[in-house]
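Visitor: Have a look at this one.
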Amino acid sequence: QLLNSNEEVANFAIPNAIGALATPTVAQQVIDWRDLAKKPINYVFSMPASIRTIEASKEWREVTLNRNSENTDLQWPWSKILDPNDAVTQVETPLDGYRLALYSQQAITKGPHAAPANIELKAIQGLTYYATAAEQGILNPLGINVTRYFQGQGYRPYGARSLHRQNDGLNLVTVCSGLNWLERSGNEILVPLAFSSLTPATDGVFFRVQKGLEGLLEKLWDMGAFYFPKPSAYSVKCDSETTPPNIAAL
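In terms of the numbering used here, the sequence shown opens at residue -15 and continues consecutively.
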C-alpha cells in the first residue's frame, strides 16, 4: 500500500523480511512478488542469516526462492559490524541498507544506470562467509550478488545481477535501474496527457511526447548509459502509425 501511494520510490528493502520465506504464508504477507513485477522499483534483499555455505546459497536460490524477476537484487552473505550500543561487540546484519545507499550514491553521482557495486563498505568489520572468485563465478549467473573482501581494497559488493534468468540484459540491475528510471520519468510526461480530456491525439501531442522521451534518453546518453554514438544509440517514434486513431480513442 505504501508503494502504491508513492511514485517517487526507486529502490526499497525490508531487512531480514526475506527470512519469512521459511513460512510461505508469512512471506506472502511480507512480499507480494506478483505486485512487485508491476512496478518500476528495485527490491533489495538478503538471504537468511542461516545460509553460510556456497551449496546452501545455491539451494536456497534455486529451490526455496525459485523466482524469476528483473526487479529484485539478492545479496549474500551477511556482514559483521560493530554493535552501535557498545562499539566493541560484533553483530551480524544484512547488506540491504548498504546496497540501497550505493544505489542512491551512484544515481546522484553517475546516473540511474550505474552499478551499485565495487565500492568499499567502510563500516563492515567482517562477513559471515568469505567467497573466492571461483565461488562467485558459480553464484553470479544465478543472480546472487556476493560481497567479498579484497586485500588492500576492503569489503566490496561485487555483483550487479537481478533474478531474471534469461541473459538478455534484464539480468543486470544496471539495465533494469535505467529502464525503471525511464519509465517513471516518462510517466511524468505521458500521464498528464493521457488523462486530459482536452488533449486529443493530434500531431502536436505526438510531437510533445516524442520530444519529451527523446530528452530523457539524451539525458541517459549524456550520463554514459549507452555505448553507441547518439544517432544510433536510441530512437523514439510517436505518430499516427504507432498510435492509430482506434487506439488513441480508447
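Even glycine gets a Cβ: it sits at the ideal position worked out from N, Cα and C.
#1: Scan the stretch 33 to 81 and note each continuous beta strand (DSSP E) run of 3 residues or more that stays entirely inside, going in chain order.
#2: Give me the Cα-Cα distance between A33 and P61, rounded to the nearest whole angstrom.
#3: In this structure, does DSSP put C222 in helix, strand or coil?
#4: So, with DSSP's three-state summary, where would you put S169?
#5: Just tell me which of Q120, N151 and T227 has its CA closest to the CA of N129.
#6: Start and end of the alpha helix (DSSP H) containing S216?
#7: Short of 8 Å in beta carbon distance, which residues of its chain neighbour V75, apart from the five on each side in sequence? Order them along the chain.
#8: Tell me the residue span of the beta strand (DSSP E) that contains F210.
#9: With contact counted as at least three CB pairs below 8 Å, one residue from each stretch, are the stretch 48 to 55 and the stretch 141 to 150 in contact?
#10: Exposed or buried, what is I231 when buried is set at 16 or more other beta-carbons lying within 10 Å of its beta-carbon?
#11: Please state whether DSSP places P141 in a helix, a strand or coil.
#12: For a test of the three-state rule: what should DSSP assign to R83, helix, strand or coil?
#13: What are the residues that DSSP puts in a beta bridge with Y114?
#14: By alpha-carbon positions, which one of Y133, T116, H97 and L154 ends up nearest to L200?
#15: Terminal residues of the continuous beta strand (DSSP E) containing R132?
#16: Counting beta carbon pairs with one atom in the stretch 85 to 101 and one in the stretch 153 to 169, are three or more of them shorter than 8 Å?
Guide: The relevant details are as follows:
#1: If we require 3 residues or more, the beta strand (DSSP E) runs fully inside the stretch 33 to 81 come out as 56 to 60, 63 to 66 and 74 to 77.
#2: If you draw a straight line from the Cα of A33 to the Cα of P61, it comes to about 8 Å.
#3: Correct three-state label for C222: coil.
#4: helix
#5: Check the Cα spacing between N129 and each of Q120, N151 and T227: the tightest is with Q120.
#6: K214 to A217
#7: K64, I65, L66 and D67
#8: Careful: F210 lies outside any beta strand (DSSP E) and carries neither H nor E.
#9: yes
#10: exposed
#11: Looking at P141 - three-state DSSP - the assignment turns out to be strand.
#12: Three-state result, R83: helix.
#13: None, per the DSSP bridge assignment.
#14: Looking only at Y133, T116, H97 and L154, the smallest Cα-Cα distance to L200 is reached by H97.
#15: Segment I128 to F134, the beta strand (DSSP E) holding R132.
#16: yes
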